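Here the numbering used here is used: position 713 in the first sequence is 1124, and no number is missing along the way.
Note that CB positions come from ideal geometry on N, CA and C, so glycine has one too.
Since this is a predicted model, take the numbers as computed values, not measurements.
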Amino acid sequence: MTSYNHSKIEDKWKEKWFADNIYEAPDFSEKPKKYILAEFPYPSGKALHAGHMMRYTVPDIYARFLRMNGYNVLFPMGWDAFGLPAENYAIKTGVHPAERTKEVVQHYKESFKKMGYGIDWTREINTTDPNYYKWTQWIFLKFLEAGLAEYKEMPIWWCEELKTVLSDEEVLTDKEGNKISERGEYPVERKMLKQWVLKITEYADKLIEGLDLVDFPEAIKQAQINWIGRSEGASVDFKINENTVNVFTTRPDTLYGVTFMAIAPEHPMLDELINQAENKKEILAYVKDVKSRSDLERQIKKEKTGVQLKGIFAKHPFEDVTRKIPVFVADYVLMDYGSGIVMGVPAHDERDYDFANKYNLEIISVIKAPAEFEGTVYTGMGEMINSGDYNGMKSIEFFEAAIDRLVKEGKGKKDVNFKIRDWIFSRQRYWGEPIPVIHTEDGKVKPVCNPEDFECVNEKLPLELPEVPDYNPTSDGTSPLERNAEWVNITDENGNPAKRETNTMPNWAGSCWYYIRYTDPHNNESFADIEKMKYWLPVDKYFGGAEHTTMHLLYSRFWHKFLYDQGEVPTPEPYQWRMNGGLLLGPDGTKMSKSKGNVIEPMDIVENYGADALRTFIAFLGPYTDTYPWNSNGIKATWRLMKNIYELKEQTAEKSDETVLKAYHTLVKNVSNMIPDLKMNTAVSEIMIFINTIKNHSVGIDEWKGFIKILAPFAPFLAEELWQDANGYTKWKKENSVHLQTWPTYDEKIIREDTITIPVQVNGKVRGEITIHIDDTEKAVIAKAVASERIQDFLQGHSPKKTVYVKGRIVNLVV
RNA sequence: GGGCGAGUGGCGGAAUUGGUAUACGCGUACGGCUUAGAACCGUAUUCCUUACGGAUUGAGGGUUCGAGUCCCUCCUCGCCCACCA
């Protein structure tokens, strides 16, 4: 008997499978399609890491199961390879990022093969390949053409450490309230800079509505809805001296309660107002002070501050409100939400209440508050008071009535506001897609070519990244591409001098549409053939990371919806179903990190225990969505399982005995039901139960082969080895691979037990067991239960007042 | 402060969706094999109790013949967002 040698088995099959690309997914197959996608990796470091193996193993098992169940399964992989790791490596070593990327990708690909992931390698894509980013640029020009890409001066987040601007989504708040970069967790600051934005705000409503069409977990839907932050209300015109200002409110029903106005310190109108104020100096000093303070100091829980603009008052839009409304500059008013001006209603808004208390401002209740809110702030609805002719009305009704009156008097309208801001789409770094536009001398922006026909005065896509003397970023907001003057200086179609855009696209650009490219990865005429898209899209199951909920997942939905509106893609949503995967922690139960020395390298595990044992261990841990600490004894257990299975091949006989037969059909039934529900952990436990049961039994060749097929999605290498052996194949042929075989079926009749033992309860407590025939009548079963000796003891001579029999399950006797 | 989710042995986790709670695995204990072993095999393992028996799914209440599962109140933990007018 040869002993289980995982390396020998795995090295052999991975090359054969790869050479014949056995997981190929043909376009337009007769079989029903399934598009199973796991977020493609951002290759950095040596090879695939622990997070990847968590993310890809369960989807791979599922994809393999579907393939064996008659589906044409697309399970593709590619490389999201623009970004900082390759660029930083280039800065350090001078090696061109493209070369470095090529090298890292090779290692990654090898580790994917080692893990046994069933990938159709003919569809491999790489976002840094000019043939790929040609279409990323093309989509950008479509945005530009549609007016959804814009170059404008705006407040942005600048990260000095990364020396680039970042989008809103890429900026996080740490525990102390500091704003930091998502990548690297470096401090970020506000700056005004001219940048490219994609107007995701125009799609805010569509992105919310589209969630009704897809099967995402509620948590993901809610996170996106909250991020988009839609608020309904009204915009209202107030007059401040001679200026008419517009404020947004979600509570037009509280209009009669306005007792002050507050303006953001960054508000552009402020300059003019300051000049009219009596305390000009004081205000200027305050504004300067606020602007010098970091965002940290303007955070929540910090006291709100402000300064009144003395001598300046606002006029209420309703003429029956005649009081003069004082105007403040206040740090709690945000410039980038609404209009940067707030109407202060201290009686019914907590922030306004805090502010009014601090500065002794008038507080007028306009909605009758329940008794327990007496003397404090009340934000609920109720009956109108102190509101002129509207007293006694329900605030819900006045909400609409107030808007009607504003509209009638030309003082406002119903309005909607969003928290989401436009997507800052340019970065001052080298290793990204060049933005394919030029800037003319008169300040105009022109595409380098027309996206419709690629005819262009200047050139064609792709606009490739030029060579530069060095890749270092700068602190002044210019891009390394500026250093190539020959490339930057260009003429427009009329021969006038112009300059190229030197910013590059953010990391997220390439991943916005990669799932589309997989459907037609080699197309040179269009980003993908519409018929192929119609066949494959949408993605049926999309597995990824929770950290992408309000970034990649939202961005790519935005691009897809735009492309759908342009008639370029056939479905309104890209992903029909989504699940976020959990993490693998170090053995100490904390997040893996090099500094803590608790990093588990998948390739080391593959070396020591084999990919089959590793895959099975991952599947066995628990549900996909959860996070687990690494358990070095757990991998030993699944390695032992592999070894036991391998040795079982010596135990095959012509026919199975009854125990094996029953165990086998139960196994097939249970595993077949569990995989579609992604319950891989219990499926593995079923395999363990089967192996435990059949020890020292004869296993017939038919059941043995069936078992190998059940094993195949979990331990593809061992399954192939055993399959080839069980069938006596001596030469490899693609069509004889176990992975292209049909999933086994089971016979309910064999599983079914005619004689069963069921528990008997007395007053809901288990007191004994009886053995019955499955078809016994209720009367017969109850009689048997009552008659049984142990139960008699508990009945103490009484006959049950009530009896319950759940067929084939349980008896309950109530006395 | 808002949103989402979760609390089951020493640990990771099961539970046919209202029907024998703790499957499977780890760990532990004892035994076997062995010169020896962190290797392998066997047995046990929710807790209390020598036993009979009793208790038990974060706490308390409710519905039900029967609740980990459904309803109410509370507690704890995790994740995401957060001065968004």
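Secondary structure of residue i, DSSP reduced to three states
i	result
TYR1233	For the chain, the structure presents residues 412 to 1226; residue 1233 sits outside this window and is missing.
ARG734	coil
ASN657	strand
MET1099	helix
LYS1218	coil
PHE865	Caution applies to PHE865, whose pLDDT of 47 falls short of 50 and renders its modelled position unreliable; the value that the coordinates give is listed next. It is coil, neither helix nor strand.
ILE711	Confidence in ILE711 is poor, its pLDDT being 46 and thus under 50, which makes the residue's placement too unreliable to answer from.
MET603	strand
ILE674	strand
TYR1035	coil
LYS650	strand
ALA1064	strand
SER642	strand
ALA557	coil
ASN1081	helix
CYS860	coil
ILE835	strand
GLU587	coil
Distance, residue j Cα to residue i Cα
i	j	result
GLU1161	LEU1072	Looking at the sequence itself, residue 1161 is Ile, so the reference to Glu does not match. Distance between the alpha carbons of ILE1161 and LEU1072 is about 8 Å.
ALA1126	ILE502	42 Å
ILE1098	ALA1130	13 Å
TYR926	ASP800	59 Å
VAL516	SER922	16 Å
PRO541	TYR953	26 Å
PRO1004	ILE1011	As written in the sequence, residue 1004 is Ser, which differs from the Pro given in the question. Computed Cα separation, rounded: 9 Å.
VAL777	ASN802	9 Å
PHE865	LEU872	The predicted model places PHE865 with a pLDDT of 47, which falls under 50 and marks its position as unreliable; any figure quoted below should be read in that light. Answer to the nearest angstrom: the Cα atoms are 7 Å apart.
ILE711	THR584	In this prediction, ILE711 has a pLDDT of 46, which is less than 50 and means its spatial position is unreliable; what the coordinates show is noted afterwards. If you take the alpha carbons of ILE711 and THR584, they lie about 12 Å apart.
PHE554	TYR946	26 Å
TYR482	LYS445	6 Å
LYS427	TYR1020	21 Å
GLY1175	LYS1213	12 Å
ALA939	PHE439	14 Å
PRO598	LEU577	11 Å
ARG1163	VAL1079	14 Å
PHE809	LEU974	41 Å
TRP1154	GLU1114	12 Å
LEU1089	LEU495	35 Å
SER522	ILE420	16 Å
ILE1105	ALA1094	17 Å
Beta-carbon spacing of residue i, residue j below 8 Å
i	j	result
THR961	ASN907	no
PHE1249	PRO728	As displayed, the chain neither begins before 412 nor continues past 1226, which places residue 1249 out of reach and without an answer.
PRO891	LEU874	no
LEU485	ILE447	yes
VAL740	LEU720	yes
LYS1066	GLY1111	yes
PRO932	ILE536	yes
SER967	TRP924	yes
GLN401	LEU622	There is simply no residue 401 to check, as the chain begins at 412 and stops at 1226 in what is shown.
VAL1197	LEU1224	yes
LYS602	TRP569	yes
LEU1032	ASN1092	yes
LEU1025	PRO1013	yes
Same chain, Cβ closer than 6 Å to residue i, neighbours up to 5 away in sequence not counted
i	result
GLU677	MET746
ASP1023	MET1053, ALA1126, PHE1128, LEU1129
ARG832	ASP579
VAL879	PRO891, ARG894, ASN895
Close beta carbons around residue i, own chain, < 8 Å, minus the five adjacent residues each side
i	result
TYR519	PRO452, PRO454, ALA458, LEU459, TRP490
Beta-carbon contacts of residue i that lie in its chain and below 7 Å, excluding the five residues immediately before and after
i	result
PRO884	LYS574, THR575, GLN839, ARG840, PRO891
HIS1209	VAL1226
(message) Check whether the stretch 993-1000 and the stretch 1040-1059 are in contact - that is, three or more C-beta pairs closer than 8 Å.
(response) Of all C-beta pairs linking the stretch 993-1000 to the stretch 1040-1059, three or more are shorter than 8 Å, placing the two stretches in contact.
(message) Three Cβ pairs or more, each shorter than 8 Å: is that satisfied between the stretch 916-931 and the stretch 830-844?
(response) Cβ pair count under 8 Å is three or more, so yes.
(message) With three or more C-beta pairs closer than 8 Å as the rule, is the stretch 1114-1128 touching the stretch 472-484?
(response) Contact between the stretch 472-484 and the stretch 1114-1128 is established, with three or more Cβ pairs separated by less than 8 Å.
(message) Assess contact between the stretch 774-794 and the stretch 754-761, defined as three or more Cβ pairs (one per stretch) separated by less than 8 Å. Is contact present?
(response) At 8 Å Cβ cutoff, the stretches touch.
(request) Could you tell me whether the stretch 657-666 touches the stretch 804-813, where touching means 3 or more Cβ pairs closer than 8 Å? (result) Verdict: yes, contact present.
(request) Report yes or no: do the stretch 817-829 and the stretch 639-652 share at least 3 C-beta pairs separated by less than 8 Å? (result) Verdict: yes, contact present.
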